[in-house]
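Chemist: Quick one: the structure is below, questions incoming.
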Amino acid sequence: MKRGLTMMELLISIAILAIILGVWVVKLNPVGQFASSRNSERSLHLNAILNAIRQNVADTRTGIFTCANGDIPTTTKRMAVGAGNYDIAPCLVPNYMNNLPFDPATSSARYTSVTDYDTGYTVVKNASTTEITVAAPAAELGKTIKVTR
Numbered sequence: 000m001k002r003g004l005t006m007m008e009l010l011i012s013i014a015i016l017a018i019i020l021g022v023w024v025v026k027l028n029p030v031g032q033f034a035s036s037r038n039s040e041r042s043l044h045l046n047a048i049l050n051a052i053r054q055n056v057a058d059t060r061t062g063i064f065t066c067a068n069g070d071i072p073t074t075t076k077r078m079a080v081g082a083g084n085y086d087i088a089p090c091l092v093p094n095y096m097n098n099l100p101f102d103p104a105t106s107s108a109r110y111t112s113v114t115d116y117d118t119g120y121t122v123v124k125n126a127s128t129t130e131i132t133v134a135a136p137a138a139e140l141g142k143t144i145k146v147t148r
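Right, here's the structure in full:
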């Protein structure tokens, strides 16, 4: 008589494997890992943008950000083309950056050219201290991501 696995033994083995796989997926938390990765990317983007702004300020030797679109606003504005936004790309690209980074998860965020972009990030200048803050309003996992210098 041939000896093999019965249907019950096979089902129990599959159930045990499914439980182990489920525990493994919950422990790994891939959704949280991806969100954390996107937050890290946002932080890198904000630092790159602020470094480019600081290079512009250093090059002018006046301590003032030079841009055909005017100084950095003292009210929070989105860095994008269009009404109500601050069009910063022509001031940074190509002299200080090859292109503007954009939020990895914001659906409208993109960079096609200096005339067609939306970073998904914001910028504001403190009128009294002249500190510049760039922020990622779409940060995930309840984090606040901003860089001020």
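So the sequence shown is numbered by numbering that gives the first Met the number 0: it starts at 0 and just counts up by one.
C-beta atoms are modelled at their ideal positions from N, C-alpha and C, and glycine is treated no differently.
1. Report yes or no: do the segment 121-135 and the segment 32-45 share at least 3 C-beta pairs separated by less than 8 Å?
2. Give the DSSP-derived three-state secondary structure of R41 in the structure shown.
3. Name the DSSP bridge partner or partners of S112?
4. Going by beta-carbon coordinates alone, are Y205 and A88 separated by less than 8 Å?
5. Identify which residue in L140, T59, A82 and I52 has its Cα closest to the Cα of I71.
6. Can you give me the C-alpha to C-alpha distance between I48 and G62, rounded to a whole angstrom?
7. What residues match up with V56 in a beta bridge as DSSP calls it?
8. Exposed or buried, which one is I131 when buried takes at least 16 other CB atoms within 10 Å?
9. Assuming contact is defined by CB atoms lying nearer than 8 Å, are L99 and Y85 in contact in what I supplied?
10. What do you get for R148, buried or exposed, if any count of 16 or more other CB atoms within 10 angstroms of its CB means buried?
11. Just the C-alpha distance for I144 and I13, rounded to the nearest angstrom, thanks.
12. What number of angstroms, rounded off, separates the C-alpha of T129 from the C-alpha of T73?
Modeler: By the coordinates alone:
1. Between the segment 121-135 and the segment 32-45 there are three or more C-beta pairs closer than 8 Å, enough to call the two in contact.
2. Your numbering for residue 41 matches position 42 in the sequence shown. Of the three classes helix, strand and coil, the one that applies to R41 here is helix, per DSSP.
3. For the purposes of this step, residue 112 is identified with residue 113 of the sequence shown, where counting begins at 1. According to DSSP, S112 bridges with D115.
4. With the chain covering 0 to 148 only, the question about residue 205 has no answer from this structure.
5. Against the sequence shown, residue 71 aligns to sequence position 72. If we check each option's Cα against that of I71, I52 comes out closest.
6. For the purposes of this step, residue 48 is taken as residue 49 along the sequence shown, with counting starting at 1. For the purposes of this step, residue 62 is taken as residue 63 along the sequence shown, with counting starting at 1. Taking the straight line from one Cα to the other gives about 17 Å.
7. Working through the sequence shown from its first residue, we reach residue 56 at position 57. Note: V56 sits in no beta bridge, so no partner.
8. Working through the sequence shown from its first residue, we reach residue 131 at position 132. Flag for I131 reads buried.
9. The residue labelled residue 99 in the question sits at position 100 within the sequence shown. The residue labelled residue 85 in the question sits at position 86 within the sequence shown. With contacts defined by Cβ atoms closer than 8 Å, L99 and Y85 do not form a contacting pair.
10. Your numbering for residue 148 matches position 149 in the sequence shown. The C-beta of R148 has fewer than 16 other C-beta atoms within 10 Å across all chains shown, which makes the residue exposed.
11. Residue numbering aside, residue 144 sits at position 145 when the sequence shown is read from its first letter. Residue numbering aside, residue 13 sits at position 14 when the sequence shown is read from its first letter. Pairing I144 with I13, the inter-Cα distance amounts to about 44 Å.
12. Taking the sequence shown and counting its residues from 1, the one referred to as residue 129 is at position 130. Taking the sequence shown and counting its residues from 1, the one referred to as residue 73 is at position 74. Rounded to the nearest whole angstrom, the CA to CA distance from T129 to T73 is 9 Å.
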